[in-house]
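Start counting the sequence shown at 4; every next residue gets the next number (our numbering). Note that the Cβ used here is the ideal one computed from N, Cα and C, for glycine as well.
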Amino acid sequence: MTADIAHEPRTPVAAMVTATGLLPPGPATDLVAGGVRKLRGLVEDVLEVARLDAHAVAVETGPRQVSAMARRSVAGLDGAQGRVDVRIVADTPRRPIRGVWSASSPTWSPTRCGTAPRR
C-alpha cells in the first residue's frame with residue numbers, strides 16, 4: 004500500500020519539475036523550485052520506505068566508513084573530470100552516526116556531495 008501511495012504523485016511531481024524549468028528566472032521561480040525539490044525528495048523518501056517495507060532492498064547493518072561512501076559517489080563523476088570541481092563537505096559529529104543510509108535517498112544525510120562549474 005505504501006508503494007502505491009508513494010508512486011501516484013511521482014508523475015505529477017516530475018511534470019512540476021519540468022514546468023519549473025520553463026519558468027522565467029526570479030525569486031518566485033526560486034521559491035517554487037525549492038518547494039518542488041522538497042516535494043520530490045519527500046516522494047522519493049516514501050518510495051524508499053515502501054521498498055524497505057516490501058523487503059525489496061537489502062539492508063546492511065554495522066559500522067561504515069562515510070569517507071569510502073563519498074569516494075564511491077565521486078567516482079561516478081568520472082565523465083565530468085576537468086569540467087567541474089568536486090568538493091566533499093562533511094558536517095558530521097565526532098561520534099558514530101546511527102541511522103539508515105541509503106544510496107537512493109541521501110537528502111537527509113549530513114554528508115553533502117556536489118559539483119560546481121570549473122572556473
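Status (buried if at least 16 other CB within 10 Å, exposed otherwise) for residue i
i: Leu26; result: exposed
i: Glu63; result: exposed
i: Glu11; result: exposed
i: Val1; result: As displayed, the chain neither begins before 4 nor continues past 122, which places residue 1 out of reach and without an answer.
i: Val46; result: buried
i: Leu50; result: buried
Unbroken alpha helix (DSSP H) run spanning residue i, endpoints
i: Val77; result: Val69 to Ala78
i: Ala61; result: No alpha helix (DSSP H) contains Ala61, which DSSP labels as neither H nor E.
i: Glu124; result: The structure shown does not extend to residue 124, since the chain spans only 4 to 122, so no value can be given for it.
8 Å contact criterion, which residue i and residue j should meet: CB distance rounded
i: Thr21; j: Ala36; result: Not confirmed; about 12 Å, so no contact.
i: Arg43; j: Val16; result: 5 Å
Own chain partners of residue i with C-beta closer than 8 Å, once the 5 adjacent residues on each side are dropped
i: Arg13; result: Val46 and Leu50
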